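Notes follow the structure.
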Amino acid sequence: MLTRSLAIIAAIAALIGAVAFVATRSLREAAPAPAAQAAAPAKAAAPTASEAPETPGPAPLESLDPDAYTIKSILPIDGPLKMGDYHWDESAAPKTGTLVVTVDLAAQVLSVFRDGHEIGAAAILFGADAKPTPLGVYPITQKDADHVSNLYDAPMPYMLRLTNDGVAVHASEVAEGYMTHGCIGVPLPFAKKLFDVAKLGDKVIITRGETLSVGEPVKAI
Numbered sequence: 001m002l003t004r005s006l007a008i009i010a011a012i013a014a015l016i017g018a019v020a021f022v023a024t025r026s027l028r029e030a031a032p033a034p035a036a037q038a039a040a041p042a043k044a045a046a047p048t049a050s051e052a053p054e055t056p057g058p059a060p061l062e063s064l065d066p067d068a069y070t071i072k073s074i075l076p077i078d079g080p081l082k083m084g085d086y087h088w089d090e091s092a093a094p095k096t097g098t099l100v101v102t103v104d105l106a107a108q109v110l111s112v113f114r115d116g117h118e119i120g121a122a123a124i125l126f127g128a129d130a131k132p133t134p135l136g137v138y139p140i141t142q143k144d145a146d147h148v149s150n151l152y153d154a155p156m157p158y159m160l161r162l163t164n165d166g167v168a169v170h171a172s173e174v175a176e177g178y179m180t181h182g183c184i185g186v187p188l189p190f191a192k193k194l195f196d197v198a199k200l201g202d203k204v205i206i207t208r209g210e211t212l213s214v215g216e217p218v219k220a221i
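Its first residue numbered 1, the sequence shown is counted upward by one per residue in full-length UniProt numbering.
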């Protein structure tokens with residue numbers, strides 16, 4: 001039976017000198033993609049949000065409360081998430097607190113945590129090989145509910161920008177055989193819920209297949 005997997009990362013800044021963070025983990029596996037999908041040409045369902053010439057690297061994490069970056073609970077989801085699936089339930093989480101979005105490209109799952117409690121999870125689209133979704137930690141730098149890409153003239157509802165060259169989380173048709181030009185596509189109803197709770201500066205942590213157990217403390221090196 002497939003286990004569920006999620007992605008989480010966290011970091012603690014050093015008190016004296018150079019202590020770097022590293023913690024990339026996931027708990028839930030998505031349904032495996034059929035072999036034919038890898039061979040089929042990708043459809044450009046969700047291109048990048050915009051439009052600057054250079055791609056910035058991941059943003060450094062400031063000193064953070066490690067308790068907010070420790071997984072305390074996950075949503076009771078039966079079985080793997082399939083394309084188009086999403087879940088949202090804030091009942092086990094505090095009303096306010098640190099919001100962290102984790103993306104596991106290997107599992108094709110995005111999760112939303114508030115103070116360590118998962119409040120949302122969705123199957124995702126992500127970047128094709130020619131325009132991959134970058135790994136790292138990115139703050140949300142812009143919110144636009146009615147964004148239209150000036151590069152592709154394509155609507156990207158509930159856009160949360162991560163990089164200056166157009167990588168963002170936004171609503172998309174999440175279906176088998178589709179990929180993006182680097183963005184992270186989520187189902188429209190889920191995108192609206194995420195847009196409503198996310199703030200500028202909230203972290204989006206993108207990993208590929210790292211694991212962390214519920215209750216595992218944040219690690220730093």
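Don't be surprised by glycine CBs; every beta carbon is placed ideally from N, CA and C.
Note that the structure is a prediction, hence the values are computed from the model and not measured.
Inset, instruction - Identify the continuous alpha helix (DSSP H) that holds lysine 203 and give its terminal residues. - result: Taken as a continuous stretch (DSSP letters only), lysine 203 belongs to no alpha helix (DSSP H), being part of the beta strand (DSSP E) at 203-207.
Inset, instruction - Grab the span of the alpha helix (DSSP H) containing valine 197 for me, first residue to last. - result: 188-197
Legend entry - Check whether methionine 159 and histidine 170 have beta carbons under 7 angstroms apart: yes
Inset, instruction - Spell out the partners DSSP gives threonine 102 in its beta bridges. - result: Ser111 and Ile205
Legend entry - proline 76 in three-state terms, based on DSSP: coil
Legend entry - Test item: CB-CB of alanine 130 and tyrosine 86 under 7 angstroms: no
Inset, instruction - Starting from glycine 136, follow the beta strand (DSSP E) in both directions and report where the run begins and ends. - result: 136-139
Inset, instruction - Could you round the C-beta distance between valine 204 and tyrosine 138 to whole angstroms and report it? I think they count as a contact, below 8 angstroms. - result: 5 angstroms
Inset, instruction - Could you give the DSSP three-state label for alanine 68: helix, strand or coil? - result: helix
Legend entry - Close-in-space but distant-in-sequence residues of the same chain around glycine 182 (CB under 6 angstroms, 5 per side omitted): Thr48, Gly127, Lys131, Thr133 and Val167
Legend entry - Pair within 7 angstroms by beta-carbon distance, aspartate 184 and valine 101: This sequence places isoleucine at residue 184; aspartate is not what is there. For isoleucine 184 and valine 101, no; Cβs fall outside 7 angstroms.
Legend entry - Reference isoleucine 74, options Leu81, Ile119 and Met156, closest by Cα: Ile119
Legend entry - Inside the segment 150-176 only - beta strand (DSSP E) runs reaching at least 3 residues: 155-161 and 168-171
Legend entry - Contact under 7 angstroms by Cβ, residue 222 with alanine 198: Since the first residue of the chain shown is 1 and the last is 221, residue 222 is not available in this structure.
Legend entry - Where alanine 93 falls: helix, strand or coil (DSSP): coil
Legend entry - Close Cβ partners of glycine 209 (< 6 angstroms) along its chain, the five nearest in sequence each way excluded: Ala106
Legend entry - Neighbourhood of valine 148 by C-beta, 6 angstroms cutoff - its chain only, sequence neighbours within 5 removed: Pro155
Legend entry - Candidates Gly177, Glu90 and Ile206: closest to leucine 135 by CA position: Ile206
Inset, instruction - Might you give, ordered along the chain, the residues of its own chain that have their beta carbon closer than 6 angstroms to the beta carbon of leucine 200, omitting 5 neighbours on each side? - result: Ile140
Inset, instruction - Find the nearest neighbour of aspartate 67 within the set Asp196, Val109 and Gly116, judged by alpha-carbon distance. - result: Gly116
Legend entry - Separation of glycine 97 from lysine 192, as counted between CA atoms: 19 angstroms
Inset, instruction - Can you say whether alanine 145 is buried or exposed, counting buried as having 16 or more other CB atoms within 10 angstroms of its CB? - result: exposed
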